[in-house]
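So the sequences go chain by chain: F and R. First residue of the first sequence? That's 1 in our numbering, and the numbers climb one at a time after it. First residue of the second sequence? That's 351 in our numbering, and the numbers climb one at a time after it. The beta-carbon is built from N, C-alpha and C at its ideal position, and this holds for glycine as well. All values reported here derive from a predicted model rather than from experimental measurement.
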Amino acid sequence: MNKLIKLTKYRLFLPITCLLLVLLINVIKTPTFFNITINNGVLYGYIIDVINRGSELVVFAVGMTIVVAASAGTDISVGAVSALAGAVCCYVLSGGEQSTDFYHAPYIVGVLAAILTGMVCGAWNGFLVAKLKIQPMVATLILFTAGRGMAQLITDGQMIYLRVEHFKMLGASIPGVPLPTPVFVAIIVVIITMLLLKKTALGLYIESVGVNAKAARLLGLNSTMIQFLTYTFCGIMSGIAGLIITSRVYSIDANNAGLNLELDAILAVALGGNSLGGGKFSLIGSVIGAYTIQALTTTLYAMSISADQIPVYKAIVVVIIVTLQSPEFARMRKNITAKFSNKQNMKEAA
Amino acid sequence: MDNSVVLTMRNINKNFPGVTALADVDFTLRFGEIHALMGENGAGKSTLIKVLTGVEEFETGEIRMQGIEHPIVNKSPQMAQEIGISTVYQEVNLCPNLSVAENLYVGREPKKAGIIDWKTMNKKSRKILEKLNINIDVTRSLDHYSIAIQQMIAIARAVDMSARVLILDEPTSSLDEHEVEKLFDLMRQLKKNGVGIIFVTHYLEQVYEVCDRITVLRNGALVGEYEVEMLPRVQLVAKMMGKDFDDLAAIKKEDSSVQKDKKGVIIEAKDLGHTGTIKPFDLLLHRGKVVGLTGLLGSGRSELARVIYGADKADHGELHVKGNKLLVGAPIDAMKAGMGYLPENRKEEGIIADLSVRENIILALQAKRGMFKLLGKKEQEDFAEKYIDLLQIKTSGTSIPVKQLSGGNQQKVILARWLLTEPEFLILDEPTRGIDIGTKTEIQKLVLKLAGRGMSVMFISSEIEEMIRTCSRMIVLRDGKKIGELEENELSQSGIMKAIAGGTENE
Chain F
1 MNKLIKLTKY
11 RLFLPITCLL
21 LVLLINVIKT
31 PTFFNITINN
41 GVLYGYIIDV
51 INRGSELVVF
61 AVGMTIVVAA
71 SAGTDISVGA
81 VSALAGAVCC
91 YVLSGGEQST
101 DFYHAPYIVG
111 VLAAILTGMV
121 CGAWNGFLVA
131 KLKIQPMVAT
141 LILFTAGRGM
151 AQLITDGQMI
161 YLRVEHFKML
171 GASIPGVPLP
181 TPVFVAIIVV
191 IITMLLLKKT
201 ALGLYIESVG
211 VNAKAARLLG
221 LNSTMIQFLT
231 YTFCGIMSGI
241 AGLIITSRVY
251 SIDANNAGLN
261 LELDAILAVA
271 LGGNSLGGGK
281 FSLIGSVIGA
291 YTIQALTTTL
301 YAMSISADQI
311 PVYKAIVVVI
321 IVTLQSPEFA
331 RMRKNITAKF
341 SNKQNMKEAA
Chain R
351 MDNSVVLTMR
361 NINKNFPGVT
371 ALADVDFTLR
381 FGEIHALMGE
391 NGAGKSTLIK
401 VLTGVEEFET
411 GEIRMQGIEH
421 PIVNKSPQMA
431 QEIGISTVYQ
441 EVNLCPNLSV
451 AENLYVGREP
461 KKAGIIDWKT
471 MNKKSRKILE
481 KLNINIDVTR
491 SLDHYSIAIQ
501 QMIAIARAVD
511 MSARVLILDE
521 PTSSLDEHEV
531 EKLFDLMRQL
541 KKNGVGIIFV
551 THYLEQVYEV
561 CDRITVLRNG
571 ALVGEYEVEM
581 LPRVQLVAKM
591 MGKDFDDLAA
601 IKKEDSSVQK
611 DKKGVIIEAK
621 DLGHTGTIKP
631 FDLLLHRGKV
641 VGLTGLLGSG
651 RSELARVIYG
661 ADKADHGELH
671 VKGNKLLVGA
681 PIDAMKAGMG
691 YLPENRKEEG
701 IIADLSVREN
711 IILALQAKRG
721 MFKLLGKKEQ
731 EDFAEKYIDL
741 LQIKTSGTSI
751 PVKQLSGGNQ
761 QKVILARWLL
771 TEPEFLILDE
781 PTRGIDIGTK
791 TEIQKLVLKL
801 AGRGMSVMFI
811 SSEIEEMIRT
821 CSRMIVLRDG
831 KKIGELEENE
841 LSQSGIMKAI
851 AGGTENE
């Protein structure tokens, strides 16, 4: 019993429980959920689908987590920035043609262009938030609205198709590798970010600035610079996510690429047990949150609920999960466990 | 329940992880008395108040109030307020951008047809304040007034909400003497009206000036309840500390030679200033000396320190450190030149509340080393342990959030943070504010010890006695301007008072 109580105090207990809960529903509702089949050397199945489809969200959530931690605000432009980055990438690779079956520029140039676009957008957000002290929501609203418009300008209002097998690999899979490529991208992003946060003092700096920017400045940290960096980093993440999104459909649709993903990303951060008020954070929590959301979406598809009804069900589950994690609920839970252990103690005493 | 008693707390128990915060504590408050709650840091004063007002839950025990049949358990400060227990904290918990009247009535505005009736609200507000002898314009925004007035408004609000029990938690910490006197008048008047007042303070003089009874706590346990006349100061201190009072007079500075020359100068300010806070000033600070900054609140004593450290960027004059000109763009530049700065406002500018004790201690050193030279886990742990030991910080571990420590221990954590960076020049702005006598003495001793080892210390305190004990030279400020310096032989309470008030004008 005591071990169980101790376990509930572990920081990631709730996020993990939520993820398991969603998976449990799956097992009951869709017994085939955990079935994995091999087709042409590539793994298929609902669970693989969750991990695969959740990759963009994981990448977004990583960027969002540190933005939230450092500035107690959210970057709502990430979806639009990913569309813009995708548009730039496609434009560069297609040489401006609407549909092409060969690269007009080396692939790596397209990739770097997308990441650079994301970085510039992030730096712009960072400048507004950290230097000009504009509220994050308002500052990032600018690119939230303008981002897709800029993408349309670049693509001339058309979809750009890149019918090159090589281009599809990032969003699908590389021949001979059993797992979809986005999974690896997500893993690499998470690992690099973790190393950056834990092997340098950056993680500590971000938390300090997030908890008390004034005190952080007085003890020698450059709060402005740290916030600026987190937004820039978040922009780079949007660029990477934009690459995966465009590769999946080997085209750029500026209107729909990454649509509403900024909200899922914020939700992933919250589901991961992170406070949207900034400060201490858990990157792994956000990653779990991201997969929880994706598992939920895939579940609903598996239960053959139509796409336009899905948000309703999603909302219901989110309400439940967020309630479970609310401080008020935690207090009630604590009371109950306290009573329980009191009773036990009394029993033992007797 | 005796008719003269308004509140009783019996056998209150409360535990925090690893610490017993309250063990079988009793407390009794009578109508129309001012009752001091005394104890060192971590004695359980704050916890007792929090338990009473519903900020924290208690485990066992009973709280009763006159006129209420059953024992009460407050779940929130609102619930406590509803049954007549109001609290006014050291930091004023009002909205500075609202008018005085709005602050008095926020949440319970008088309404006419669903719309706030401003006229009635202002009129009523004026009446409330008049009753308490506070004559101010109630339509002006709260931040227009001094902290003292704001605090009185907070008290007026509390009292008007039919408080029978009024808790004043360190209300005098940010007030000057004149303001304290006014606050005491208000307290005496409330006492006459039958309000029971619980007064939490660290100032002994104040206890003996206004209080009727004293309840002393130590290490979470009740030491006893005493009538003020029956308990001489020395005994009170002994009871609080549980040992004989370490006579501060015993600490004495050895070397008193006046150093006007440039030998051993570590900091030199030439015409340094920051528009709007401190007028340009010249200053020489020497190795191994403790220099005090004195003046009334708002005289510019903190601002002078801030401009040297770069907390406010100087827009006038030059700063030289060990003979070399230093451009301070941000605090990190000052730190790299060997400075450290313990800010006046511990909560807002000092601690990083959610981070652990360990992280709070190593942060400044880490900032100085830079992002890519992360201190190892082991190293961090060793540093934290060393300073917890050295400064006797009371904590149940290095990894608990610093916000769970008592105020004095938080202050020691910040001190540890700076000592770890091994500064050559350390600014201490009100390091002993809101701290019990035991810790105060420790910090004063530490300051002298550090100076003895060659550190240059700038010491700011509103307690003149404390300054006289620790400083070998004093800079006097008035209205944002340095107006003079006092050398060792001129350092007496009356001498300083005269200087502050404008007796000596040696510019």
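Interfacial residues, the stretch 658–669 of chain R to chain F, with Cβ spacing under 9 angstroms: Cβ contacts with chain F: TYR659 and ALA661.
Straight-line gap, R:ARG861 to R:PRO460 (C-alpha atoms, nearest Å): This structure does not reach residue 861 of chain R, given that chain R is present from 351 up to 857, and the question cannot be answered.
Interface residues of chain F facing R:PRO681 [CB-CB closer than 9 angstroms]: Simply ARG217, LEU218, LEU219, GLY220 and LEU221.
Local conformation of F:PRO182 per DSSP, three classes: Three-state DSSP puts F:PRO182 in a helix.
Nearest-angstrom Cα separation, counted from R:LYS762 out to R:LYS629: Taking the straight line joining both Cα atoms gives about 32 angstroms.
Proximity winner among F:MET150, F:ARG148, F:GLY149 and F:LEU128, relative to F:THR140 (alpha-carbon distances): Out of F:MET150, F:ARG148, F:GLY149 and F:LEU128, F:LEU128 has the C-alpha closest to the C-alpha of F:THR140.
Pairwise C-alpha distance: R:MET351 and R:PRO773: Approximately 58 angstroms between the Cα atoms of the pair.
R:GLN440, buried or exposed, once every other Cβ within 10 Å from all chains shown has been counted against 16: By the 10 Å Cβ count, R:GLN440 comes out buried.
Proximal residues of chain R, C-beta to C-beta of F:GLU207 below 7 angstroms: What F:GLU207 touches in chain R: LEU705.
Pairwise C-alpha distance: R:GLY650 and R:LYS727: Approximately 41 angstroms between the Cα atoms of the pair.
Residues near F:VAL109 by beta carbon distance below 7 angstroms, same chain, minus five either side: Around F:VAL109: VAL92.
Beta carbon proximity, F:LEU195 to chain R, threshold 7 angstroms: Judged by the 7 angstroms Cβ criterion, F:LEU195 is not in contact with chain R.
Cβ neighbours of R:GLU731 in the same chain (closer than 8 angstroms, five flanking residues each side left out): Taken in chain order, the residues that qualify are ARG708 and THR748.
Spatial neighbours of R:LEU755 in its chain, beta-carbon cut-off 6 angstroms, leaving aside the 5 residues before and after: Residues THR745 of the same chain have their beta carbon placed closer than 6 angstroms to that of R:LEU755, with the five preceding and five following residues left out of the count.
Chain-ordered chain F contacts of R:GLU699 [CB-CB under 7 angstroms]: Counting only Cβ-Cβ distances below 7 angstroms, R:GLU699 has contacts in chain F at LYS214, ALA215 and LEU218, in chain order.
Short-range partners of chain F found in the stretch 706–734 of chain R, where Cβ spacing is below 7 angstroms: Answer set for the stretch 706–734 of chain R: GLU709, LEU713, ALA714, GLN716, ALA717, LYS718, MET721, PHE722 and LEU724.
F:GLY41 versus F:LEU179: straight-line alpha-carbon distance, rounded: One C-alpha to the other measures close to 9 angstroms.
R:ILE478 at chain F interface by Cβ criterion, 7 angstroms: At a cut-off of 7 angstroms between C-beta atoms, R:ILE478 does not count as an interface residue with respect to chain F.
Residue-chain proximity (R:MET685, chain F), Cβ-Cβ < 7 angstroms: When Cβ-Cβ separations below 7 angstroms define contact, R:MET685 makes contact with chain F.
Span of the beta strand (DSSP E), counted from its first residue to its last, around R:ASP632: Run containing R:ASP632: 628–636, per the beta strand (DSSP E) assignment.
Closer than 7 angstroms to chain R by CB, F:THR200: Taking Cβ atoms only, chain R reaches closer than 7 angstroms to F:THR200, which makes this a yes.
Beta-bridge partners of R:MET715, as assigned by DSSP: Contrary to the premise, residue 715 of chain R reads as Leu rather than Met in this sequence. Per the DSSP secondary-structure output, R:LEU715 pairs with nothing in a beta bridge.
Min CB distance F:GLY279 to chain R below 7 angstroms: At a cut-off of 7 angstroms between C-beta atoms, F:GLY279 counts as an interface residue with respect to chain R.
CB contact flag (R:ASN710, R:VAL752, <7 angstroms): Yes, the pair counts as a contact, with Cβ atoms nearer than the cut-off.
Boundaries (first-last residue) of the beta strand (DSSP E) holding F:ARG148: Careful: F:ARG148 lies outside any beta strand (DSSP E), inside the alpha helix (DSSP H) at 136–155.
Distance between beta carbons of F:ILE288 and F:GLY272, contact taken as under 8 angstroms: Rounded, the Cβ-Cβ distance is 6 angstroms, consistent with contact.
Cβ neighbours of R:LYS790 in the same chain (closer than 6 angstroms, five flanking residues each side left out): Cβ neighbours of R:LYS790 within its own chain (closer than 6 angstroms, five residues either side excluded): THR782.
The stretch 48–68 of chain F contacting the stretch 179–190 of chain F, beta-carbon criterion three pairs below 8 angstroms: The stretch 48–68 of chain F is in contact with the stretch 179–190 of chain F.
Beta-carbon proximity of R:GLY758 to R:ILE738, cut-off 7 angstroms: Cβ atoms of R:GLY758 and R:ILE738: not closer than 7 angstroms.
Same chain, Cβ closer than 7 angstroms to F:ILE25, neighbours up to 5 away in sequence not counted: Within the same chain, THR299 come within 7 angstroms of F:ILE25 by CB-CB distance, once the 5 residues on both sides are set aside.
Neighbour flag for F:VAL211 against chain R, beta carbons, 7 angstroms: Contact of F:VAL211 with chain R is assigned, a C-beta pair being separated by under 7 angstroms.
Beta-carbon gap between R:LEU677 and R:ALA687 smaller than 7 angstroms: In this structure, R:ALA687 does not lie closer than 7 angstroms to R:LEU677 by Cβ.
Delimiting residues of the alpha helix (DSSP H) encompassing R:GLU815: Start and end: 814–820.
Own chain partners of F:ILE154 with C-beta closer than 7 angstroms, once the 5 adjacent residues on each side are dropped: For F:ILE154, the CB contacts under 7 angstroms within the same chain, skipping 5 residues up- and downstream, are ALA87, VAL88 and TYR91 in chain order.
Alpha-carbon to alpha-carbon, F:ALA307 and F:ALA268: So the two alpha carbons sit approximately 20 angstroms from each other.
Contact check, F:PHE60 vs F:VAL81, beta carbons under 7 angstroms: In this structure, F:PHE60 sits away from F:VAL81, with a CB-CB distance that is not shorter than 7 angstroms.
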